[in-house]
Amino acid sequence: MEIRNNKGYGKLKTVIVCYPCNFKVKGKVQINYPLMYEQYNNFINLISGEGIKVQLLEPIYGENQVFTRDVGFVIGDILFISKMSNKERIEETKALENYIKNHNLKVYRMENKIEGGDVIVYENYIFVGLSERTTLEAIKELKEYINEYNMGYEIIEINFNKEKMLHLDCVFNILGKDQCIISDYLYDKDKIKKRIKTCYNIDKKTSEELGANIVALGDGRILTSNKTVFHILKKADFEVFYLDYSEILKAGGGFTCSTLYFYIK
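Residues 837 to 1101 (this note's numbering) make up the sequence shown, in order.
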């Protein structure tokens, strides 16, 4: 199996997902399960129909496993396995460990707390969000690894409103070369604008609807669950696919959260 994420954009070829068999939301939130399964199936059918290879993890380690983005991240040809912060999600990395067992991959297991939703690769930069789930110690550890193996990336720490938004990929995402989506909940917009030419801004309301949580399929194709983002990107000449993902969004994660990018060509 080939894994690769050199620059954070290109043609998406392989993703890791997990079917939401055990999906639950704590509290009084009601989930319409038939609709949730229909929405998830539509999501998988669309990305596979666009030529993306979909690999499934075993859904045996908890209620949030659908959010595969958090359990790991790929930089270059190395799979970094996250150290989860949420006690209820610690076991989830086992599903990824089980999956890669029979594949000869370069793997590094993080020792400090970091989740994949806070790590975004773009060109020779790695943007890392300082969230409730990712620590300064983990950023230091990642820097040391990158430098030790001369991987050629500069790590950029990004601050955002972590009381309102869980991960960096909820407020910032790569759309393609020289293009990204950013949120009013970002405190370090200038760090991004300095490195990415065109930034499409979304307001706080759209951010809270997880408008930044898109999947960039490659060749200007974007998948979104947000109608405001759909119209912004359509106007900017992207080929935009809209799917309703409202039931899974109730748990605080969208399309980005539901895909671990394994191979971007």
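Glycine residues also receive a C-beta, built at the ideal position from the N, C-alpha and C atoms.
State yes or no: is the C-beta of E959 within less than 9 Å of the C-beta of D906?
-> no
Cβ neighbour criterion (16 or more within 10 Å) applied to L972 | exposed
Quickly, what does DSSP pair I1017 with across the bridge? List them, please.
-> N1009, Y1036
Taking the beta strand (DSSP E) that L915 falls in, what are its first and last residues?
-> 914–917
Inter-residue Cα distance where the pair is S1019 and K1040 | 7 Å
Outcome for G1090 when other beta-carbon atoms lying within 10 angstroms are tallied against a minimum of 16 | Within 10 angstroms of the beta-carbon of G1090 lie 16 or more other beta-carbons, which makes it buried.
C-alpha distance - L848 paired with K923, whole-angstrom precision = 31 Å
DSSP three-state assignment for V1065, whether helix, strand or coil | helix
Measure the CB-CB distance between E947 and E977 and report whether it falls below 9 Å.
-> yes
For Y944, collect the residues of the same chain with a Cβ closer than 8 Å to its Cβ; drop the 5 residues on either side in sequence, then sort them by chain order.
-> Within the same chain, Y944 has close Cβ partners I914, L915, F916, I917, Y981.
Cβ pair count under 8 Å reaching 3, the segment 873–893 against the segment 1066–1082 | yes
Of the listed residues D954, G988, Y985, N986, nearest to A974 (C-alpha basis) = D954
Quick one: what's got a C-beta closer than 7 Å to E894's C-beta in the same chain, skipping five residues either side?
-> A931, N934
Inspect the CB distances between the segment 1006–1018 and the segment 1039–1056 and report whether three or more fall short of 8 Å.
-> yes
What's the gap between the Cα of K1070 and the Cα of G1012?
-> 14 Å
Assuming Q891 and E928 make a contact with CB atoms under 8 Å, what is their CB distance in whole Å?
-> Going by Cβ atoms, the distance from Q891 to E928 rounds to 15 Å, so no, they are not a contact pair.
If you draw a straight line from the alpha carbon of K860 to that of A1072, how long is it in whole angstroms?
-> 36 Å
Return yes when the Cβ of T1095 is within less than 9 Å of the Cβ of I883, no when it is not.
-> yes
Continuous beta strand (DSSP E) stretch holding L892: start and end = 889–892
Beta-carbon contacts of D1148 that lie in its chain and below 7 Å, excluding the five residues immediately before and after | A question about residue 1148 goes unanswered here, because the residues of the chain that appear run from 837 up to 1101.
Residues bridged to G965 (per DSSP) | I994
Cβ neighbours of K843 in the same chain (closer than 6 Å, five flanking residues each side left out) | E959
Unbroken beta strand (DSSP E) run spanning T1060, endpoints | 1057–1060
Boundaries (first-last residue) of the alpha helix (DSSP H) holding Y981 | In the DSSP annotation of this structure, the continuous segment of the alpha helix (DSSP H) that includes Y981 starts and ends at 972–984.
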